[in-house]
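Reviewing the structure listed below.
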Amino acid sequence: MNRQAAPPDEATSSSGTAMIEIIKVTKSYPPNVTALADISITIASGEMFFLIGKSGAGKTTLLKLLCNMEKPSNGLIEIAGMNIHQVTGNKLAKLRQRVGMAYQDFRLLTNRTVAENIAISMEVSYKKPHIIHDRVRNLLAQLQLEDKHDILTGDLSRGEQQRVALARAVANSPTLILVDEPTGNLDAASTEQVMDLLTRCNHSGATVVIVTHDEAIYRHTSHRIMKLHDGKIASLTRGTGSEQPLAADALNATDLADKSGDMP
Amino acid sequence: MNFWFAVIRQTGRNLRQTWATQLITCLTVSLSVLIFSFFYLIYLNMLSVGDKLSDNLHLVVYLEDEPGPEMQEQLRLKITQFDQVEKIRFISKEEAFNRFAQQLGDNREILADMPTDFLPASIEVVPLKTLRSLRHVKLFSEYLATLPGSQKVQYGQQWVERFYSFTQLLSIIVLLSGSLLILTATFMVASTIRLTIFGRQEELELLKLVGATNSYIRTPFLLEGLLQGLAGALLGLSALYTLFQWTTHHISGAGFFNLLTFTFFPFTIISIIIALSIVLCTVGSYASMQKFLRV
Ligand SMILES: Nc1ncnc2c1ncn2[C@@H]1O[C@H](COP(=O)(O)OP(=O)(O)OP(=O)(O)O)[C@@H](O)[C@H]1O
Ligand SMILES: [Mg+2]
């Protein structure tokens, strides 16, 4: 069995370098919760990648590992060739400036305005005020939130907060965008705006990882979709409408066969 | 946009968000600066008064008999054995008489019937002009009393002693108020910064996640402490200056005080007090940050 040495799939080979390299990663929480078990996956630079699975499968945990909010109990994670859990200090800060994350619980500063919340991710990398101002206006226009510019985020609806969180994640034009349930509270039209925005970011070169429950946003995609189940990879498919297992780089064929019994 | 622009903007936000606490801290710091510098100013002025007094300070040793040249040499030797002195002068009976007559001026007729040797001969000893000499003057006088032929030693005993214990008391008060300043500046600022940090835990956490560097997060808090120190010192010193102006203006003309000229701190001491206050407050904020800001 060629577990790690499997040939890269199309997505990886087409853009050359890997943006995310997850190698045999396990994450357990005390006392005995195993949120992720022995996950291995490579996501190419410039790829759009969907991560699905039922509640509690470990999706958010995986994103938290990717943005260094949590450390893996075991295994190795590399972002752009760097072991992010060994990077510290200013190097870690620089790395985080290149990674935009939209959190499932938003993490907005509720006593600050929409504009201030979005600006934060640009301020830390010392963008000029007029550039920040223009970028905020532009993003709010794309998400149809122009009129909310000076509203405190605490006063917004959940769906509006969700879009502000997304705007903050992409504002600094990061090379890696991680979004956790970006459309959970949105109607069809807003969902489309959000996906358009993410697609634009992807087209301009960003690697985008989207965690979602919303079948509508990955039903017609041609990108890879990974399904987690109880902290393990249940399937890795390329979205073409019909689910076809890929000869995934880091996915073991026997693992897949084992899992296929669990799957609906 | 550069680092300092970001830091100043962030400091501005901190101050705006917690201005009431900041104001109280600033006032506390300035009050302790005021108390400290008030006593220190009095102390410094007393020192210069002491300098002036010790300029005029001399001990007079009245002798039983007029010493001959040999005896004078011996006495001179004995005196310098105890301590170095500025000057030793022998005054003969005649000299004493003439001096007294001069002092009497137009009333000198009353001396007409007196013998020219009715005043005793004496030695005038001028100690070195340092405050130390003021402190030692009592011991010195006791020593001089043991000289052969010495009858009586005179100097302004009472006021010298009073003045000396007064300056000593002042120096203790200066030390105490100095410690008060150290305590309030560091602890008040530390606790204000701690409040700010706790109040913004969520934001600091987020800043870390979006890639703010440590110095981006920390420098505003240091700057806040620095500003507290600067503002507190300036406020305290201006209050003292106002008080000083008012006092000197109102007591001028009142007899005794006219003899002494009070002066405000020279520029160097003003700078040192400001720098001290800044350093203390910055140390306070740094300590608080080390303890509560895990970045
Ligand atoms: N800090 C924690 N301490 C203990 N257990 C945790 C912690 N964080 C997550 N877990 C557990 O890890 C598992 C995976 O959680 P995770 O948040 O990754 O799920 P998820 O796939 O994002 O679910 P959802 O779709 O509901 O957001 C869950 O069983 C959860 O209870
Ligand atoms: Mg989740």
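Protein chains in written order, with the numbering used here: chain A, -2 to 261; chain B, 25 to 319. From the three backbone atoms N, C-alpha and C, an ideal C-beta is built for every residue, glycine too. What you are looking at is a predicted structure, and each value in this text was computed from that prediction instead of being measured.
Asked                                                                                                                             : Found
Short CB-CB distance (under 8 angstroms) between Leu51 (chain B) and chain A                                                      : no
Check: Pro30 (chain A) C-beta below 7 angstroms from any heavy atom of ligand 1                                                   : For the record, residue 30 (chain A) in the displayed sequence is Val; it is not Pro. Yes.
Any C-beta of chain B under 8 angstroms from that of Gln159 (chain A)                                                             : no
Exposed unless 16 or more other CB atoms sit within 10 angstroms - verdict on Arg40 (chain B)                                     : exposed
contact_flag[the region 194 to 212 of chain B, the region 287 to 307 of chain B] where n(CB pairs < 8 angstroms) is 3 or more     : yes
Interfacial residues, the region 43 to 72 of chain B to chain D, with Cβ spacing under 7 angstroms                                : Absent from the structure is chain D; the protein chains it does hold are A and B.
Neighbour flag for Ile76 (chain A) against chain B, beta carbons, 8 angstroms                                                     : no
Alpha-carbon spacing of Asn80 (chain A) relative to Leu230 (chain B), whole angstroms                                             : 22 angstroms
Euclidean distance between Cα positions of Asn69 (chain B) and Thr191 (chain B)                                                   : 10 angstroms
Other residues of its chain near Pro244 (chain B): CB distance less than 7 angstroms, five sequence neighbours each side excluded : Val31, Gln34, Thr35, Asn38
8 angstroms Cβ cutoff, Met66 (chain A) in contact with chain B                                                                    : yes
Helix, strand or coil at Asp35 (chain A) according to DSSP, with G and I counted as helix                                         : strand
The region 81 to 95 of chain A / the region 195 to 207 of chain B touching (three or more Cβ pairs under 8 angstroms)             : no
Helix, strand or coil at Glu240 (chain A) according to DSSP, with G and I counted as helix                                        : Confidence is the limiting factor: at Glu240 (chain A) the pLDDT is only 39, short of 50, which leaves the residue's position unreliable and the question unanswerable from this model.
Residue range of the unbroken beta strand (DSSP E) whose run includes Ser174 (chain B)                                            : 174 to 178
For Ala145 (chain B) and Asp75 (chain B), the rounded distance between their alpha carbons                                        : 29 angstroms
Beta carbon proximity, Ser239 (chain A) to chain B, threshold 8 angstroms                                                         : With a pLDDT of only 42 at Ser239 (chain A), under the threshold of 50, the placement of this residue in the model should not be trusted; the figure read from the coordinates follows. Taking Cβ atoms only, chain B never reaches closer than 8 angstroms to Ser239 (chain A), which makes this a no.
Any 3 or more C-beta pairs closer than 8 angstroms across the region 151 to 168 of chain A and the region 179 to 187 of chain A   : yes
Those residues which DSSP pairs with Val208 (chain A) across a bridge                                                             : A:Leu48, A:Asp177
Cβ-heavy atom distance, Thr57 (chain A) to ligand 2, below 7 angstroms                                                            : yes
Closer than 7 angstroms: Asp177 (chain A) CB and nearest ligand 2 heavy atom                                                      : yes
heavy atom of ligand 1 below 7 angstroms from Gln159 (chain A) C-beta                                                             : no
Alpha helix (DSSP H) segment containing Ala128 (chain A), residue limits                                                          : This sequence places Ile at residue 128 (chain A); Ala is not what is there. From DSSP, the alpha helix (DSSP H) with Ile128 (chain A) extends over 126 to 139.
Residues sharing a beta bridge with Lys24 (chain A), DSSP                                                                         : A:Leu33
Between the CA atoms of Ser262 (chain B) and Gly78 (chain A) - distance to the nearest angstrom                                   : 59 angstroms
Buried or exposed by the 16-neighbour rule on C-beta atoms within 10 Å, applied to Ile38 (chain A)                                : buried
Heavy atom of ligand 3 within 7 angstroms of Ser232 (chain A) beta-carbon                                                         : Ligand 3 is absent from the structure shown, which contains only ligand 1 and ligand 2.
Ligand 2 heavy atom lying under 7 angstroms from the CB of Gln101 (chain A)                                                       : yes
Simplified DSSP assignment, three categories, for Gly265 (chain A)                                                                : There is simply no residue 265 (chain A) to check, as chain A begins at -2 and stops at 261 in what is shown.
Members of the region 72 to 98 of chain A near chain B, C-beta cut-off 9 angstroms                                                : Gly86, Asn87, Leu89, Ala90, Lys91, Leu92, Arg93, Gln94, Arg95, Val96, Gly97, Met98
Selected residue, minimal CA-CA separation from Arg134 (chain A), among A:Val161, A:Ser52, A:Tyr123                               : A:Val161
Near-chain B residues of the region 157 to 189 of chain A - C-beta to any C-beta below 8 angstroms                                : Arg165, Asn169
First and last residue of the uninterrupted alpha helix (DSSP H) at Met223 (chain A)                                              : Element bounds for Met223 (chain A): not the alpha helix (DSSP H) but the beta strand (DSSP E), 221 to 226.
Classification of Gly260 (chain B) by the beta-carbon crowding that lies within 10 angstroms, buried from 16 upward               : buried
Phe164 (chain B) (DSSP reduced to helix, strand or coil)                                                                          : helix
C-beta neighbour in chain B for Val208 (chain A), strict 8 angstroms                                                              : no
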